[in-house]
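Take a look at the structure below.
2 protein chains.
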Amino acid sequence: MSSIKDVAREAGVSTATVSHVVNNTRFVSDEVRSRVERAIEACRYYPNAHARSLASGNSRILGLVISDIANPFFPELVKAVETAAFERGYDVVLSNTNYDAERASHYVRRFIERKVAGVALLTSELDKKLIEELARREVPVVFLDVGEAGLRMSNLRVDYETGIEEAILHLVSLGHREISFIGGPPHLRSARRRLEAFRNAKQRLFPDAADGVYFGDFKIEGGRRAASEILAGGKLPTAVMAANDLMALGAISEFRAAGVQVPRDVSVVGFDDIAFAALSEPALTTVNLPLGELGKYAVEALMETLSNPDQQGIEITIPTHFIVRASTAPARLSPDGTKQARKAVRVKS
Amino acid sequence: MSSIKDVAREAGVSTATVSHVVNNTRFVSDEVRSRVERAIEACRYYPNAHARSLASGNSRILGLVISDIANPFFPELVKAVETAAFERGYDVVLSNTNYDAERASHYVRRFIERKVAGVALLTSELDKKLIEELARREVPVVFLDVGEAGLRMSNLRVDYETGIEEAILHLVSLGHREISFIGGPPHLRSARRRLEAFRNAKQRLFPDAADGVYFGDFKIEGGRRAASEILAGGKLPTAVMAANDLMALGAISEFRAAGVQVPRDVSVVGFDDIAFAALSEPALTTVNLPLGELGKYAVEALMETLSNPDQQGIEITIPTHFIVRASTAPARLSPDGTKQARKAVRVKS
DNA sequence: AGGTTTTATTGAATCGTTAAAAATCTAACA
DNA sequence: TGTTAGATTTTTAACGATTCAATAAAACCT
Chain A
1 MSSIKDVARE AGVSTATVSH VVNNTRFVSD EVRSRVERAI EACRYYPNAH
51 ARSLASGNSR ILGLVISDIA NPFFPELVKA VETAAFERGY DVVLSNTNYD
101 AERASHYVRR FIERKVAGVA LLTSELDKKL IEELARREVP VVFLDVGEAG
151 LRMSNLRVDY ETGIEEAILH LVSLGHREIS FIGGPPHLRS ARRRLEAFRN
201 AKQRLFPDAA DGVYFGDFKI EGGRRAASEI LAGGKLPTAV MAANDLMALG
251 AISEFRAAGV QVPRDVSVVG FDDIAFAALS EPALTTVNLP LGELGKYAVE
301 ALMETLSNPD QQGIEITIPT HFIVRASTAP ARLSPDGTKQ ARKAVRVKS
Chain B
1001 MSSIKDVARE AGVSTATVSH VVNNTRFVSD EVRSRVERAI EACRYYPNAH
1051 ARSLASGNSR ILGLVISDIA NPFFPELVKA VETAAFERGY DVVLSNTNYD
1101 AERASHYVRR FIERKVAGVA LLTSELDKKL IEELARREVP VVFLDVGEAG
1151 LRMSNLRVDY ETGIEEAILH LVSLGHREIS FIGGPPHLRS ARRRLEAFRN
1201 AKQRLFPDAA DGVYFGDFKI EGGRRAASEI LAGGKLPTAV MAANDLMALG
1251 AISEFRAAGV QVPRDVSVVG FDDIAFAALS EPALTTVNLP LGELGKYAVE
1301 ALMETLSNPD QQGIEITIPT HFIVRASTAP ARLSPDGTKQ ARKAVRVKS
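Quick mapping for you: the protein sequence lines, in order, are chains A and B.
According to our numbering, the first sequence is numbered sequentially starting from 1.
According to our numbering, the second sequence is numbered sequentially starting from 1001.
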């Protein structure tokens, strides 16, 4: 197809002038400008992005690394990042790591080769080496909930504490005293942060309550397994909080299958407030993490570093807030009270 | 950072040799090769993808256009596309149109500028002009369910008929005779194809049944609205099929809110088999559309055209199959029989 | 040994743009 | 009328690879 040279010839000007018309980077007289514009039309000229990036050293691509787009936590986040990037004229290259650090490395390497303008590492599994490499290549980076901001590295810090504390206070106000927690895989930082927030809040209220922590995989199945461990453990807690909605939903499904009704027999609270939380039966009481905001801020942080290279990245705190729906209810009376879990009814799934 | 020249100097060879080592594109003696490899390490050389694309005219980027990543139909599709692309060394640029044709055009234009190796247009809102432009620029394209394959244009044709027919036969075998349909927005081709498949199957079985078609927006809310129209219509059908799971779920939620129980009072069937279909309460009976396959084939079709440019694209048929879960049950007796819808109980949402 | 192949490597053009420096043109001023 | 400052446009050199034609060296024949 036709290049800038063809356009220049057609318009009877130099390629520099065409470039300036296309990019609005210098004044060009009206007469010449319109001649160039006509030539662009005539040649159906589309600038070649690679040549452009090569010459200017700036690609207008953002790399987005997430763990698993099929996990309902991510789509809204991706959407927000994509929207914010689009508005600023950036394209987003999506990297789905599948929780595989090696794949993440591979992608980051490709990002560097593509000279991406910035990388949003919105995932937990990432390697020190990777980050060093990004730093060495002077690529702006924004993390989710990982360490402090650094040179050209911003951080989105989720305020887990507030939402989780609100959730626990809500449960306490409903009379719950035995609250278990289903955590995520402990090797993921976000899982650790959530668990920590839970423990802190619980410790404050019940300094000597049992720990009651189980672990899942952040997926539905993990929630199911954790719930069946809880069921097997004998004495049922009156409430269960899960580190994410998926596990909460899995737990509810397992409880139901065992004839334990939610919220009558046990209250369940989730975290994230994914789209389906409002639609499940019962609608899930949970903590809202504003994924849209998160995505928007991720891009903003990157843009910030782009306009101030050689500077410290920024630190943004993302608020969370508690949302009451239908999966929590007043605690059932204690085991020796009158109300007990009814006889188990197997519900076919 | 260091370029191929630095590596060449360091290794005492020409840039051509370095290039051949990096790309394995010609034989290089072991001695020279290892010298080059050592130099690459020493310089921490990462090839510049833009220079590469410019020189070779091939970008190893795939453009993926979808309507809305937040619609649970898409994540799995995106994941499959991304995975297949990754395996072949391609990066995926994600374009979320938000059902906006103009935004789609904008993106396609960018794709052309980036000289993408191919575009997967897995969405319904697309403009004739766009497609002409892609054809003119000789970009391989794969469509979802749009027209025939053409020069460098492949088509993934979903076999809606089979799955929908199975669904209807299932309903009929349960004694259902009045089956309504909640269609998608009629301006979307996929919505029309689904509706058509439904009408054909129904016509065949009940040549003179009432049409009973309502329209939604492919989202939960549209399902709710359609359900309330159905409720307002007086005589309730014994079964409702929706053009996608989201609307089926919305309809169930609306029915429940009105005290109409699913599947006792009305059976509901969805389409797509999104991840949450299995998890909803009741678990949704639906038609499975293998999104993973679809994504995989999309990339395969593109690769096919890449290795045979100047040829007709390929046509792939994607099968669908019916899945029974818990949202369908034998038809309740006709309105003048003994069993009637119980008194309406408002359920708080 | 002389000529012909084969093998391994290099030199230089090229891809399509940007951007810094140079050139040209215009109008104003003394 | 010559000089000059300012405005506009052109020239030219990167940017960092790939790739083809050319060359040098080694191997193979009679």
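Glycine residues also receive a C-beta, built at the ideal position from the N, C-alpha and C atoms.
Problem - CB contact below 7 Å: residue 120 of chain A versus chain B - result: no
Problem - Assigned secondary structure, residue 168 of chain A (DSSP; H/G/I helix, E/B strand, else coil) - result: Of the three classes helix, strand and coil, the one that applies to residue 168 of chain A here is helix, per DSSP.
Problem - Test: residue 344 of chain A CB closer than 7 Å to a CB of chain B - result: Low per-residue confidence applies at residue 344 of chain A: pLDDT is 36, beneath 50, and the placement is therefore not dependable, though the value from the model is reported in the following sentence. Interface with chain B (7 Å Cβ-Cβ cutoff): residue 344 of chain A is excluded.
Handout entry: 6 Å CB neighbourhood of residue 1085 of chain B in its chain, flanking five on each side removed
Key = 1062, 1092 and 1299
Practice task
Establish whether the CB of residue 90 of chain A and some CB of chain B are separated by less than 7 Å.
Solution key: Residue contact with chain B for residue 90 of chain A: absent (no Cβ-Cβ distance below 7 Å to any residue of chain B).
Practice task
Please confirm whether residue 1144 of chain B and residue 1156 of chain B have their CB atoms less than 7 Å apart.
Solution key: Yes. Within cutoff.
Exercise for the section: Compare the Cα-Cα distances from residue 149 of chain A to each of A/292, A/311, A/170 and A/127 and report the closest residue. Expected result: Of the candidates A/292, A/311, A/170 and A/127, the one whose C-alpha sits nearest the C-alpha of residue 149 of chain A is A/311.
Practice task
Verify whether the separation of the beta carbon atoms of residue 163 of chain A and residue 320 of chain A is less than 7 Å.
Solution key: yes
Problem - Residues from the region 1001 to 1024 of chain B in contact with chain A, defined by Cβ distance under 9 Å - result: 1001
Problem - Own chain residues within Cβ distance below 8 Å of residue 1071 of chain B, not counting five before or after - result: 1218, 1219 and 1246
Problem - Residues bridged to residue 25 of chain A [DSSP beta-bridge criterion] - result: None, per the DSSP bridge assignment.
Practice task
With 7 Å as the threshold, decide whether the Cβ of residue 1070 of chain B is near any Cβ in chain A.
Solution key: yes
Practice task
Could you confirm whether any beta carbon from chain A is found closer than 7 Å to the beta carbon of residue 1050 of chain B?
Solution key: yes
Exercise for the section: Return the residue from the list A/36, A/6, A/3 and A/2 that minimises the CA-CA distance to residue 17 of chain A. Expected result: Nearest option by C-alpha distance: A/36.
Handout entry: Closest residue to residue 55 of chain A among B/1058, B/1048 and B/1056 (Cα-Cα distance)
Key = B/1048
Practice task
Just the chain A side, please: which residues come within less than 7 Å of residue 1225 of chain B by C-beta, in chain order?
Solution key: By Cβ distance, chain A contributes nothing, its closest Cβ being about 15 Å from residue 1225 of chain B, past 7 Å.
Exercise for the section: Consult DSSP for residue 1073 of chain B and reduce its assignment to one of helix, strand or coil. Expected result: coil
Exercise for the section: Less than 8 Å between the CB atoms is what I'm expecting for residue 1231 of chain B and residue 1260 of chain B, so what's the real figure, rounded? Expected result: A Cβ-Cβ separation of about 7 Å places residue 1231 of chain B in contact with residue 1260 of chain B under the 8 Å criterion.
Problem - Test: residue 1046 of chain B CB closer than 7 Å to a CB of chain A - result: yes
Problem - Beta-carbon contacts of residue 166 of chain A that lie in its chain and below 6 Å, excluding the five residues immediately before and after - result: 322
Exercise for the section: Output the boundary residues of the alpha helix (DSSP H) element that contains residue 157 of chain A. Expected result: Where residue 157 of chain A is concerned, there is no enclosing alpha helix (DSSP H), although the beta strand (DSSP E) it sits in stretches over 153 to 158.
Handout entry: Inter-stretch contact at 8 Å, needing at least 3 Cβ pairs: the region 1267 to 1285 of chain B / the region 1200 to 1217 of chain B
Key = Proximity of the region 1267 to 1285 of chain B to the region 1200 to 1217 of chain B falls short of the contact definition, fewer than three beta-carbon pairs being nearer than 8 Å.
Practice task
Note the first and the last residue of the continuous alpha helix (DSSP H) segment covering residue 107 of chain A.
Solution key: Its alpha helix (DSSP H) spans residues 101 to 113.
Exercise for the section: With DSSP as the reference, label residue 1214 of chain B as helix, strand or coil. Expected result: strand
Problem - Burial state of residue 1193 of chain B, where buried means 16 or more other Cβ atoms lie within 10 Å - result: buried
Exercise for the section: Give the DSSP-derived three-state secondary structure of residue 223 of chain A in the structure shown. Expected result: In the structure shown, residue 223 of chain A sits in a helix (DSSP, three-state: H, G or I).
Handout entry: Alpha carbon of residue 81 of chain A to alpha carbon of residue 238 of chain A, nearest angstrom
Key = 39 Å
Handout entry: Same chain, Cβ closer than 6 Å to residue 1325 of chain B, neighbours up to 5 away in sequence not counted
Key = 1283, 1284 and 1285
Exercise for the section: Using a Cβ cut-off of 7 Å (strictly closer), state whether residue 1276 of chain B contacts chain A. Expected result: yes
Handout entry: Beta bridge counterpart(s) of residue 96 of chain A as assigned by DSSP
Key = A/66
Handout entry: Within 9 Å of chain B by C-beta, residues of the region 103 to 116 of chain A in sequence order
Key = 103, 106, 107, 109, 110, 111, 112, 113, 114 and 115
Practice task
Note down the Cα distance separating residue 1158 of chain B from residue 1196 of chain B, rounded to an integer number of angstroms.
Solution key: 13 Å
Exercise for the section: Rounded to whole angstroms, what's the CA-CA distance from residue 1052 of chain B to residue 147 of chain A? Just pull it up for me. Expected result: 36 Å
Exercise for the section: Return the chain-ordered list of same chain residues with a C-beta closer than 6 Å to the C-beta of residue 67 of chain A, the five sequence neighbours on each side being excluded. Expected result: 97, 99 and 123
Exercise for the section: Output yes or no for whether 7 Å exceeds the beta carbon distance between residue 1313 of chain B and residue 1305 of chain B. Expected result: Remark: C-beta atoms of residue 1313 of chain B and residue 1305 of chain B approach each other more closely than 7 Å.
Exercise for the section: Please name the residues in the region 194 to 216 of chain A whose beta-carbon is closer than 8 Å to at least one beta-carbon of chain B, in chain order. Expected result: none
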